[in-house]
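A.B. asks: Have a look at this one before I ask anything.
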C-alpha cells in the first residue's frame with residue numbers, strides 16, 4: 001500500500017497514533033498548532049509548514065513571494081489559535097546551482113512578513129537538495145483565556161468567515177495574502193469564538209474538521225458565502241489557500257458582532273451558516289489534498 | 292553567483308544578517324540552538340534540522356534508522372547547549388508512490404528515540420515532494436545557570452571530546468549514535484564547561500567555530516585524539532557525523548574531571564588539547580560542507 005491510497009488525512013491519523021505524547025501536552029496533532037505548557041497565564045503554540053518546489057511553487061515565481069508565503073502560512077495558523085507569533089526557525093534545502101540572489105530573495109520575503117508580525121528568525125539549517133524545499137517552524141504564545149481550538153462549536157452557533165473565498169491560486173493571492181492576526185486577536189479579546197481555524201484546504205473540508213472535532217453538523221447559507229471576483233460557489237467551497245479565518249460564535253455573541261460591525265469599519269466578518277446538532281449534516285465539496 | 296561559490300557558511304552568514312531579530316532573543320543564529328526567554332530560571336532552546344533523500348540517506352537504508360537519525364541530531368544539539376529536549380514538530384515531504392510501510396518506519400524510528408529522551412512529537416506537516424525530505428524542529432529547556440554556548444573558551448582551558456571520532460559514515464554509526472544528553476547534563480551540573488558543541492561537521496571544523504566565537508586559538512595533542520577502529524587521524528579530524536560533545540574546561544576543573552573519571556566508570560571524556568591566546572593557532576583539516 002502506498003500513501004496515495006490511504007490519503008493525506010488517513011496518513012496523518014495513522015502517524016498521530018504512533019508518536020510519543022505525554023501529559024504535559026495540552027493539545028498535540030490535529031489543530032492549527034500544538035498547545036504546550038508555558039507560563040502561569042499563557043500557553044506556548046508550536047507549528048510547522050513545509051513548501052516544495054514543483055508542488056507549491058516554481059522557481060519562476062518571485063523568490064520573495066515564496067519566502068513570504070511559507071512564513072505567512074505559519075503566522076496564519078498561530079493567529080487561528082488566538083495567539084501571537086514570536087520566534088521561527090527555517091530549514092532550507094537547495095540545489096547547489098541555486099542562484100544566491102534567489103536564496104536571498106526567499107529570506108527577504110520571509111524576513112519582511114516576519115518583521116511585520118513581530119516574529120524573529122532565530123535559527124535554521126541549510127542542506128543540499130534536488131529541489132528547493134523550505135520548512136518553517138514557528139512558536140507563538142496565547143493567553144490561556146484566549147486560546148481557541150477547532151473543538152468548541154455548539155449547535156445554534158453561527159459560522160463566520162473573515163473574507164471572500166475562492167480563486168486564490170489563479171489570482172496569485174495565495175502568495176500575497178495577509179495573515180488575519182489582527183482580526184483573530186480582536187475576536188479572542190472581544191468575542192471569544194467557540195471554534196476557529198484558518199482556511200487552507202478549502203472552506204468545505206476545513207469546516208468538516210470543526211464539525212468532526214465538535215461532534216456537530218452545519219447548514220451553510222450558500223448565497224451568503226462571500227466569493228472573490230470570478231470565483232464560483234464550488235471554488236469558494238472547494239479551493240484552498242484562502243487563509244481567511246473560519247470561526248463559530250453563540251447566537252447572542254454573533255448578533256453582538258453583527259451590531260458592532262454595522263457601526264465600525266475596522267474588520268468585516270461574514271456570517272455563512274449555522275451549527276446544528278445533526279452530525280450527518282456535513283458539507284460536501286472536494287477539498288485540496290496532497291496525496 | 293550561485294550558492295556553491297559562496298559555500299554553506301558564507302550563505303548562513305549572509306542570511307543571518309538579513310533576518311529579523313529582536314532584543315528578546317538571548318542567542319540567535321550561530322550556535323547549536325537558539326536561546327529564547329522562558330521562565331524566571333530557565334531558557335527555551337529551539338533548533339531545526341533537515342535531511343534529504345539522496346543527500347543524507349537513500350531509500351535502501353532502514354526507514355527507522357532514517358527517522359531515528361534526524362530526531363537524534365536535533366536532540367544532540369539541545370544537549371550541546373546543556374539543555375533537556377521537550378517537544379518536536381515534524382515536516383515531511385513524500386513522493387506519492389512512497390510505501391506506507393516506509394513512512395511508518397520513519398515515524399517508528401523518530402518516535403523511539405524521542406520517547407527514549409523524553410520528547411513528545413506534537414505536530415507536523417505532510418506534503419507531496421519529488422524526494423523524501425524530513426525536517427524536525429525541536430524545543431528544549433535549560434536552567435539559566437547551566438546554559439553553555441560555543442562562546443566561552445578561555446586561554447589555558449583544556450579541550451575534551453566525549454568519545455572516539457572518525458569513520459561514522461562508513462561504519463553506519465551516523466544512523467545509530469546515541470545523543471550525549473546524559474554526558475552533557477552531567478557536565479553542566481558538575482563542571483559547567485566554558486564552551487560546548489556537538490561534532491557534526493568534523494572535529495577540526497567544529498573546533499574552529501569555538502575558537503572563532505571565543506577569539507582564541509588551540510593546540511591539539513593529536514596523539515590523544517580518540518579514534519574509532521580503522522579511522523585515521525585525518526578522518527578523526529575531518530569527517531563529520533560523530534555527534535560526540537566537544538567542550539572546554541578551565542585547568543582546575545579539567546584536572547578535577549580527570550580525577551573523577553579515574554575513579555568512576557559512568558562516562559569517559561578524552562582531553563585532546565588546550566586553548567591558547569594566539570588566534571592564529573587554528574586546526575586545519577577539510578570539514579564537511581553542503582555546497
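Protein chains in written order, with the working numbering: chain A, 1 to 291; chain B, 292 to 582.
Beta carbons are placed, not taken as given, at the ideal position from N, Cα and C, and that holds for glycine.
To the nearest angstrom, how far is the alpha carbon of residue 317(B) from that of residue 330(B)?
C.D. replies: 13 Å
A.B. asks: Could you check the C-alpha separation between residue 183(A) and residue 41(A) for me, to the nearest Å?
C.D. replies: 22 Å
A.B. asks: Considering just the uninterrupted stretch of the alpha helix (DSSP H) at residue 171(A), what are its terminal residues?
C.D. replies: 168-171
A.B. asks: In chain order, what residues of the region 438-470 of chain B put their CB closer than 8 Å to some CB of chain A?
C.D. replies: Within the region 438-470 of chain B, no residue has a Cβ that lies closer than 8 Å to any Cβ of chain A.
A.B. asks: Among 205(A), 216(A), 31(A) and 238(A), which has the Cα closest to the Cα of residue 275(A)?
C.D. replies: 216(A)
A.B. asks: Determine, for residue 406(B), whether the minimum Cβ-Cβ distance to residues of chain A falls below 7 Å.
C.D. replies: So yes, residue 406(B) belongs to the interface.
A.B. asks: Among all the DSSP beta bridges, which residues are the ones paired with residue 451(B)?
C.D. replies: 538(B) and 562(B)
A.B. asks: Output needed in chain order: residues of the region 355-378 of chain B with a Cβ under 7 Å from some Cβ in chain A.
C.D. replies: Residues of the region 355-378 of chain B with a C-beta atom less than 7 Å from some C-beta of chain A are 378, listed in chain order.
A.B. asks: I'd like to check one pair, residue 463(B) with residue 526(B): are the Cβ atoms closer than 7 Å?
C.D. replies: Contact: no.
A.B. asks: Taking the alpha helix (DSSP H) that residue 60(A) falls in, what are its first and last residues?
C.D. replies: Here residue 60(A) belongs to no alpha helix (DSSP H), and DSSP marks it neither H nor E.
A.B. asks: In whole angstroms, give me the CA-to-CA distance for residue 230(A) and residue 460(B).
C.D. replies: 56 Å
A.B. asks: Taking CB distances under 7 Å as the criterion, tell me whether residue 435(B) reaches chain A.
C.D. replies: no
A.B. asks: Using CA coordinates, which residue listed in 72(A), 80(A), 88(A) and 267(A) is at the minimum distance from residue 151(A)?
C.D. replies: 80(A)
A.B. asks: Less than 7 Å between the C-beta atoms of residue 382(B) and residue 453(B), yes or no?
C.D. replies: Not in contact: residue 382(B) and residue 453(B) (Cβ atoms no closer than 7 Å).
A.B. asks: Does the beta carbon of residue 107(A) come closer than 7 Å to any beta carbon on chain B?
C.D. replies: yes
A.B. asks: What's the C-alpha gap between residue 543(B) and residue 448(B)?
C.D. replies: 9 Å
A.B. asks: Just the C-alpha distance for residue 94(A) and residue 127(A), rounded to the nearest angstrom, thanks.
C.D. replies: 6 Å
A.B. asks: So, with DSSP's three-state summary, where would you put residue 38(A)?
C.D. replies: coil
A.B. asks: Touching or not, the region 97-115 of chain A and the region 194-213 of chain A, by the rule of three or more beta carbon pairs under 8 Å?
C.D. replies: no
A.B. asks: Hey, is the region 71-86 of chain A in contact with the region 105-118 of chain A, meaning 3+ C-beta pairs nearer than 8 Å?
C.D. replies: yes
A.B. asks: How far does the alpha helix (DSSP H) with residue 106(A) in it extend, from its first residue to its last?
C.D. replies: 100-116
A.B. asks: Which stretch, first to last residue, makes up the beta strand (DSSP E) that contains residue 92(A)?
C.D. replies: 84-94
A.B. asks: Is DSSP giving residue 143(A) helix, strand or coil here?
C.D. replies: Strand.
A.B. asks: Less than 8 Å between the CB atoms is what I'm expecting for residue 416(B) and residue 50(A), so what's the real figure, rounded?
C.D. replies: 5 Å
A.B. asks: Report the neighbours of residue 303(B) on chain A: residues whose CB is nearer than 7 Å to its CB, in chain order.
C.D. replies: The contacting residues are 126.
A.B. asks: The region 214-230 of chain A: which residues have C-beta closer than 9 Å to a C-beta of chain B, in chain order?
C.D. replies: none
A.B. asks: Do residue 109(A) and residue 65(A) have their C-beta atoms closer together than 7 Å?
C.D. replies: yes
A.B. asks: Need the endpoints of the alpha helix (DSSP H) that residue 54(A) sits in, please.
C.D. replies: Taken as a continuous stretch (DSSP letters only), residue 54(A) belongs to no alpha helix (DSSP H), as it is neither H nor E.
A.B. asks: How many Å lie between residue 539(B) and residue 394(B) at the Cα?
C.D. replies: 40 Å
A.B. asks: Looking at chain A, is there any beta carbon in it that lies within less than 7 Å of the beta carbon of residue 348(B)?
C.D. replies: With a threshold of 7 Å between beta carbons, residue 348(B) makes no contact with chain A.
A.B. asks: Taking the C-alpha atoms as reference points, what is the distance between residue 379(B) and residue 83(A)?
C.D. replies: Cα to Cα, residue 379(B) sits roughly 19 Å from residue 83(A).
A.B. asks: Spatial neighbours of residue 430(B) within its chain, please: CB distance less than 7 Å, with the 5 preceding and 5 following residues excluded, ordered by chain position.
C.D. replies: 335, 336, 337, 377 and 378
A.B. asks: Return no unless some Cβ of chain A is closer than 7 Å to the Cβ of residue 295(B).
C.D. replies: Yes, because at least one Cβ of chain A sits closer than 7 Å to the Cβ of residue 295(B).
A.B. asks: With a threshold of 8 Å, are at least 3 pairs of Cβ atoms found where one atom belongs to the region 183-203 of chain A and the other to the region 141-149 of chain A?
C.D. replies: yes
A.B. asks: Listing by chain order, which chain E residues have their CB less than 8 Å from the CB of residue 292(B)?
C.D. replies: The structure shown contains no chain E; its protein chains are A and B.
A.B. asks: Closest by CA to residue 241(A), which one among 69(A), 105(A) and 213(A)?
C.D. replies: 69(A)
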